[in-house]
Each structure stands twice: as structure tokens, then as C-alpha cells.
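Engineer: Can you read through this structure? Questions will come right after.
There are 2 protein chains.
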Amino acid sequence: MAVLNLDHIGIGVLDLDRALKVYATDLGLHLEETETLESMKLKVAKLSTGNTLIELIQPLPGEETMSKAIERRGEGIHHVCLTVDNVEAATKLLFDRGYKPVWDKPRTGASGRLVNFLSPKDTFGVLIELSQKP
Amino acid sequence: MAVLNLDHIGIGVLDLDRALKVYATDLGLHLEETETLESMKLKVAKLSTGNTLIELIQPLPGEETMSKAIERRGEGIHHVCLTVDNVEAATKLLFDRGYKPVWDKPRTGASGRLVNFLSPKDTFGVLIELSQKP
């Protein structure tokens, strides 16, 4: 498998507007885009650091995964997303080496990208999203 | 203040060799450099993701800050480092806006860089290192 870049760091927050005050207004990161992912019940703001993105992710009412993560660990970094050349091949390779990716096969995530996740148990505490550009 | 790039993500680990097996051997990130920072009692491996770095950081015997963080939260992401144009000006600006940077004035960190840190309390759970190239 080949990692092409670090696509973004995903930060779970409870109030996107308050987080944007810090990351965009005060730290000066450029707000590239804000979008609501209705099917995932998430509101996301993408900020550029120059070479990669920071995504601020707010769960909407009824959302479960991110909400539980914030409930358990507090607001903060939820995952790191690496772009790989072939996420299906990466999934297979990692299963073969004894890793436990979250899904047996990649699924389609935001922006139509094929994605899978590596468990923090396999990666020294870091939830790693593997993502492939369409 | 101007953020120039995301310099690295720092991941605290207890055993650098085991972590390198995952991040370098299995995920395929390129190991750029391994160094021991004697004064800080840290052993650091820098891996390239293509556009930024992941630093695996192992505390050595007698080290306190990283050791305590791992003891409290487990292995995982410890901080995110942003390169800024002027860390002294950034420190002043952030104090003026009500933030509580860790130090009143920047200090010299690894590689002779001037650095300061923003408290996770001010940044929705993320320890942010602000760093300026020498």
C-alpha cells in the first residue's frame, strides 16, 4: 500500500460556530468550505493549514458515532485521514497482516470516496481513516 | 498571525520499535529520521506522509510530561504542530484575545525552533504547538 498524503485531521466539536471562532478567526486558518452531510448527520467545516486540512466536525441531533466519541473522550481529535492509492488493496493487506480494519471491505464515505478505518487498538491509539480519491 | 503549514502530528508511544513496525513497515510511511533528544528525554521517529510528518515520540526513563500524558489518556495523538510566521507575535495576539498559551514567551524547542503551546482548554481538546523555523 502507498500513502499519498495526509488528507485531514478530524476534530469533533459540539458547537461549530464557537470552534470556527478559534480556528478560523483567531488562529487564522482559511475556511475552505462548510457542508452538512445529511445522511451522516454531521456538519463539517474544512480549514486549510497550507499543506493539509483540519476538519471541524459537529454531530447533529440523532447522530451516534461522533456524539459517543465526544461523550467518552471529550471534544478533540477524532481521526486522522490518510489518502492511499488503493483502499481495497490496503484493507486486504492489513487483514493479512493481522490488523482488524473496521469493515471487511471499504465503503463509500463523504465526497464519494472509498474509505475504511483502522482501529486505534492497532495503531497506538489513533483512529486512522484510509481514503481513496474517486 | 499566519499559519504557514501543519508541521507534524506528535503521537506518544511507549515502544518506538513496535510503533515503527505499524507506521513504517505496515502503513508504508517513509522514515525520515530517528533522533534522541537527550535534554528532553525523548526518542523521536519522523515519518513522512508526503505533505507533512507524523512524529512517533517515546518518553525515556525519567521523562515526565509525555509519560504523564500517556498514563492519563493512553498512547495516541499528543499534539499537532503548526508552523507560524512569528511565534512571539502569535503568543502576544492570543494572550490579548484571552487565550492562555502555556508560556508567557516562546521557548527554544527541538531543532532550535522557537515554540509555544496552546492549551487544549482553549482549542476544543487539541494541544497545539506553535513553532517558528529558525
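Protein sequences appear in the order of chains A and B.
Residues 882 to 1015, numbered by the numbering used here, are exactly what the first sequence covers, in order.
Residues 882 to 1015, numbered by the numbering used here, are exactly what the second sequence covers, in order.
Note that CB positions come from ideal geometry on N, CA and C, so glycine has one too.
Along chain B, which residues have their Cβ under 7 Å away from the Cβ of A:M947?
Structural biologist: Here residue 947 of chain A refers to the residue found at position 66 when the first sequence is read from its first residue. In chain order: nothing, as chain B lies at least about 13 Å away.
Engineer: Figure out for me which residue from A:L910, A:M921, A:G909, A:T917 has the closest Cα to the Cα of A:G990.
Structural biologist: Along the first sequence, one-based indexing puts residue 990 of chain A at 109. Comparing Cα positions, the closest option is A:M921.
Engineer: If you measure beta-carbon to beta-carbon, which residues of the stretch 976–1006 of chain B are closer than 8 Å to chain A?
Structural biologist: Here the close residues are R978, Y980, P1001, D1003, T1004, F1005, G1006.
Engineer: What are the boundary residues of the beta strand (DSSP E) that A:A926 is part of?
Structural biologist: Translated into the one-based positions of the first sequence, residue 926 of chain A becomes position 45. Segment 923–929, the beta strand (DSSP E) holding A:A926.
Engineer: The alpha helix (DSSP H) spanning A:V968 covers which residue range?
Structural biologist: Residue 968 of chain A sits at position 87 when you count from the first residue of the first sequence. Segment 968–977, the alpha helix (DSSP H) holding A:V968.
Engineer: Would you grab the beta carbon distance between B:E956 and B:G893 for me? Rounded to a whole angstrom, and I think it's under 8 Å.
Structural biologist: The sequence position of residue 956 of chain B within the second sequence is 75, counting from 1. The sequence position of residue 893 of chain B within the second sequence is 12, counting from 1. Contact holds; Cβ gap of about 6 Å.
Engineer: So B:I890 contacts chain A; which residues on that side make the cut at Cβ distance below 8 Å?
Structural biologist: Taking the first residue of the second sequence as 1, we reach residue 890 of chain B at position 9. In chain order: L887, I890, V961.
Engineer: Check this for me: beta carbons of A:G993 and A:P1015, under 8 Å apart or not?
Structural biologist: Within the first sequence, the letter at position 112 stands for residue 993 of chain A. Within the first sequence, the letter at position 134 stands for residue 1015 of chain A. In this structure, A:P1015 lies closer than 8 Å to A:G993 by Cβ.
Engineer: Does DSSP put B:V903 in a helix, in a strand, or in coil?
Structural biologist: Here residue 903 of chain B is taken as the residue at index 22 of the second sequence, counted from 1. Helix, per DSSP.
Engineer: The beta strand (DSSP E) spanning B:E936 covers which residue range?
Structural biologist: In the second sequence, the residue the question calls residue 936 of chain B occupies position 55. First-last of the beta strand (DSSP E) with B:E936: 934–940.
Engineer: Helix, strand or coil, according to DSSP, for A:D898 in the structure here?
Structural biologist: Position 17 of the first sequence, counted from the first residue, corresponds to residue 898 of chain A. Helix at A:D898.
Engineer: For a cutoff of 8 Å on Cβ pairs, would you count B:V968 as touching chain A?
Structural biologist: Taking the second sequence and counting its residues from 1, one reaches residue 968 of chain B at position 87. Chain A, which has no Cβ nearer than 8 Å to the Cβ of B:V968, makes this no.
Engineer: For the alpha helix (DSSP H) holding A:T915, just list the boundary residues, first then last.
Structural biologist: Here residue 915 of chain A is taken as the residue at index 34 of the first sequence, counted from 1. No alpha helix (DSSP H) contains A:T915, which is instead part of the beta strand (DSSP E) from 911–918.
Engineer: Quick one: which residues of the stretch 912–926 of chain A get their C-beta closer than 9 Å to a C-beta of chain B? List them in chain order.
Structural biologist: Listed by position along the chain: nothing, the set is empty.
Engineer: Helix, strand or coil: which one does DSSP assign to B:R988?
Structural biologist: As a first step, residue 988 of chain B is located in the second sequence; it is residue number 107 there, counting from the start. Of the three classes helix, strand and coil, the one that applies to B:R988 here is strand, per DSSP.
Engineer: Tell me whether the stretch 899–908 of chain B and the stretch 998–1014 of chain A touch, counting them as touching only if at least three CB pairs, one residue from each stretch, are closer than 8 Å.
Structural biologist: Segments in contact, yes.
Engineer: Let's test the definition: count the other Cβ atoms within 10 Å of the Cβ of A:E1010 and tell me whether it reaches 16, buried, or not, exposed.
Structural biologist: For the purposes of this step, residue 1010 of chain A is taken as residue 129 along the first sequence, with counting starting at 1. Label assigned to A:E1010: buried.
Engineer: Considering A:E1010, what are the terminal residues of the alpha helix (DSSP H) in which it resides?
Structural biologist: Position 129 of the first sequence, counted from the first residue, corresponds to residue 1010 of chain A. A:E1010 -> not in any alpha helix (DSSP H); beta strand (DSSP E) instead, spanning 1009–1013.
Engineer: In this structure, how does DSSP classify B:G943 when only helix, strand and coil are distinguished?
Structural biologist: The residue you call residue 943 of chain B lines up with position 62 of the second sequence. Coil, per DSSP.
Engineer: Using 8 Å as the limit for Cβ to Cβ distance, is A:L908 near chain B?
Structural biologist: Residue 908 of chain A sits at position 27 when you count from the first residue of the first sequence. Yes, its Cβ sits closer than 8 Å to a Cβ of chain B.
Engineer: For a test of the three-state rule: what should DSSP assign to A:G1006, helix, strand or coil?
Structural biologist: Taking the first residue of the first sequence as position 1, residue 1006 of chain A is located at position 125. Correct three-state label for A:G1006: coil.
Engineer: What are the boundary residues of the beta strand (DSSP E) that A:G957 is part of?
Structural biologist: Within the first sequence, numbered from 1, the residue matching residue 957 of chain A stands at position 76. Note, A:G957: beta strand (DSSP E), 957–965.
Engineer: Using a Cβ-Cβ cutoff of less than 8 Å, which residues in the same chain neighbour B:L910 once the five nearest sequence positions on both sides are dropped?
Structural biologist: Residue numbering aside, residue 910 of chain B sits at position 29 when the second sequence is read from its first letter. The answer, listed in chain order, is Y904, L928, S929, T930, I935.
Engineer: How about B:V884 and B:V965: are their beta carbons less than 8 Å apart?
Structural biologist: Working through the second sequence from its first residue, we reach residue 884 of chain B at position 3. Working through the second sequence from its first residue, we reach residue 965 of chain B at position 84. Closer than 8 Å, so yes.
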